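The sequence shown lines up with residues 11 to 221 when you count with UniProt numbering.
The block underneath contains the structure these notes are about, expressed in structure tokens.
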Amino acid sequence: EKKGIIFDLDGVLVFTDQYHYLAWKQLADELGVYFDEKINNRLRGVSRMDSLEIILERYQGEPLNQVQKSELAEKKNEIYRNMLQQMRPANVSAEVRSCLKELRRRGFRLAIGSSSKNAKLILEKVDLLGAFQAISDGTNINQSKPSPEVFLKAAEFLRLEPEECYVVEDAKVGIDAAKAGGMIGIGIGDAATYEKADMKVNSFSEILSVI
Ligand code: G16
Ligand code: MG
Numbered sequence: 011e012k013k014g015i016i017f018d019l020d021g022v023l024v025f026t027d028q029y030h031y032l033a034w035k036q037l038a039d040e041l042g043v044y045f046d047e048k049i050n051n052r053l054r055g056v057s058r059m060d061s062l063e064i065i066l067e068r069y070q071g072e073p074l075n076q077v078q079k080s081e082l083a084e085k086k087n088e089i090y091r092n093m094l095q096q097m098r099p100a101n102v103s104a105e106v107r108s109c110l111k112e113l114r115r116r117g118f119r120l121a122i123g124s125s126s127k128n129a130k131l132i133l134e135k136v137d138l139l140g141a142f143q144a145i146s147d148g149t150n151i152n153q154s155k156p157s158p159e160v161f162l163k164a165a166e167f168l169r170l171e172p173e174e175c176y177v178v179e180d181a182k183v184g185i186d187a188a189k190a191g192g193m194i195g196i197g198i199g200d201a202a203t204y205e206k207a208d209m210k211v212n213s214f215s216e217i218l219s220v221i
């Protein structure tokens, strides 16, 4: 019997993945590094510093030390947070809002399981903070997905066992993380064609018919 559902944020509830892309693209251009949408897919669900390492795979300049890397990550984050200021409640679809409401009505406990340190800011901007009983995000974890840490914490915050939870994810590493934690991984978006996903949905409202 499943009692909880843990939602990834970026790429599932909101489409901040486009802002991440534009912010990394700006940084990559400044560094003279090639970056495209395909490489961007590898950044889904991956922490900020791990994302930077992926971008730097194509960097040809002098080796960078940790301080310089932190500065680059901070620079990207400033660009990204400026973009987040545009976010409004209208950035969450009516479909997502009504589905979350229906899942609550069916008795599920709902949580966020996001790698982002900006998760609470985003949820506040789009007026979704009150829709979840627990938030596990980049501020309470040490290991990035595919480690199950962020989802195990979310289950703990909901006072549920991992086996009692579904995870809805758009990232392949997120599905891997859910499975490593003993949860059922529902793939959507980029992860809707991932063979390791336990269930796959083509739209958010389809969640209502698969669980
Ligand atoms: C999100 C994005 C990733 C991003 C990560 C960290 O994860 O998918 O691309 O690198 O958060 O974000 P921040 O730099 O804001 O801490 P998720 O888990 O919500 O998909
Ligand atoms: Mg995601």
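Ideal Cβ placement from N, Cα and C applies to all residues, glycine included.
From a predicted model like this one, the values you see are computed outputs, not experimental measurements.
Over what stretch of residues does the beta strand (DSSP E) that includes residue i continue unbroken?
i	result
Ser146	144-146
How is the alpha helix (DSSP H) around residue i delimited, first residue to last?
i	result
Val106	104-115
Arg98	First-last for Arg98: undefined, no H or E at that position.
Val220	217-220
Ser154	Neither: Ser154 is in no alpha helix (DSSP H) and is coded neither H nor E.
Ser80	76-94
Asn50	47-51
residue 230	Here the chain covers residues 11 to 221 and nothing more, so residue 230 does not appear.
Ser57	No alpha helix (DSSP H) holds Ser57; DSSP gives it neither H nor E.
Straight-line CA distance for residue i to residue j?
i	j	result
Glu179	Gly42	32 angstroms
residue 249	Ala144	Given that the chain is displayed from residue 11 to residue 221, the structure contains no residue 249 and the question cannot be resolved.
Leu105	Ser80	For the sequence presented, residue 105 should be read as Glu rather than Leu. Distance between the alpha carbons of Glu105 and Ser80: 38 angstroms.
Gly191	Pro172	7 angstroms
Leu133	Leu139	5 angstroms
Gln78	Ile89	17 angstroms
Ala83	Ser61	9 angstroms
Quick check on the burial criterion: 16 or more other C-beta atoms within 10 angstroms. Buried or exposed for residue i?
i	result
Arg54	buried
Arg58	buried
Leu32	exposed
Thr26	buried
Pro99	exposed
Lys48	exposed
With DSSP as the reference, identify every bridge partner of residue i, one or two as the case may be.
i	result
Tyr176	Ile15, Ile194
Ile122	Phe17, Ile145
Met209	Ile196
Val24	Asp20
Item to check | Contact set, the ligand G16 heavy atom to C-beta under 5 angstroms | outcome: Qualifying residues come out as Asp18, Leu19, Asp20, His30, Leu53, Arg54, Gly55, Arg58, Ser61, Ser124, Ser125, Ser126, Lys127, Asn128, Gly148.
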